[in-house]
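Asker: The following block contains the structure, expressed as structure tokens.
In the numbering used here, the protein residues as written are 4 to 209.
Rendered as structure tokens:
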């Protein structure tokens, strides 16, 4: 018997049947839920300290044995004001504390101006900061100042300034050689915050 109709009329039902099977199979599959983003686990070093007591410097303090002290001749491309600017570097954690020292005097280095400058340098991060907590520094070594805890994707989450209000003014800021990311850097920031606080608590003037 010869079929006189459209040959495609035999093919369409087969395609419809196959499509029904595929839709049914897909509907039975479990819904895929993407996993939250994870970060590499960081192994932190054992916390031990050593003394920075280099002759000629107007300050001493304790810093971690897993850090190195590097004299800073340039601060973000500009020549430092004096030879007492240093960096406390953490090679294994890809971080660095920039420490700038100024002797309190007249003009731009008067006490109130140095306080204002430290305040401005911290609060310039407010456009990315979720919060800025200020904690008062006061130690038996005549060290006073503020410790700043900056939340959010700010370039520097931990900063401080310390002074005797008469001669010495020291400012520190922790930076990482990485794009600011509050989530991924949170464990390292929390770990190094204790080291920054220890540095300030053991700071002594000369």
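Ideal Cβ placement from N, Cα and C applies to all residues, glycine included. If you're wondering where the values come from, they're calculated on a predicted model, not measured in any experiment.
Taking all protein chains shown into account, do 16 or more other C-beta atoms lie within 10 angstroms of the C-beta of residue 50, making it buried, or fewer, making it exposed?
Answerer: exposed
Asker: Give the range of the beta strand (DSSP E) segment to which residue 93 is assigned.
Answerer: 89-93
Asker: Only counting the same chain, and skipping five residues up and downstream in sequence, which positions put a Cβ closer than 8 Å to that of residue 188?
Answerer: 160, 179, 181
Asker: In this structure, how does DSSP classify residue 152 when only helix, strand and coil are distinguished?
Answerer: In this structure, DSSP gives residue 152 an extended state, which the three-state scheme calls strand.
Asker: Which residues does DSSP pair with residue 171 in a beta bridge?
Answerer: 106
Asker: I'd like to check one pair, residue 177 with residue 164: are the Cβ atoms closer than 9 Å?
Answerer: no
Asker: I'd like to confirm the pairing. Which residues does DSSP put opposite residue 164 in its beta bridges?
Answerer: BP columns for residue 164 point to 149, 174.
Asker: Using the C-alpha atoms, what's the distance from residue 59 back to residue 154?
Answerer: So the alpha carbons of these two residues sit roughly 36 Å apart.
Asker: Pick helix, strand or coil for residue 49, following the three-state DSSP scheme.
Answerer: coil
Asker: Distance check for residue 63 and residue 57, CA to CA, integer angstroms please.
Answerer: 8 Å
Asker: If you count every other CB in all the chains shown that lies within 10 Å of the CB of residue 198, and 16 or more means buried, which is it?
Answerer: buried
Asker: What is the residue span of the alpha helix (DSSP H) that residue 123 lies within?
Answerer: 114-126
Asker: Starting from the C-beta of residue 3, find all residues in its chain whose C-beta is less than 7 Å away, skip the five residues before and the five after it, and write them out in chain order.
Answerer: Outside the shown range of the chain, which is 4 to 209, sits residue 3, and nothing can be said about it.
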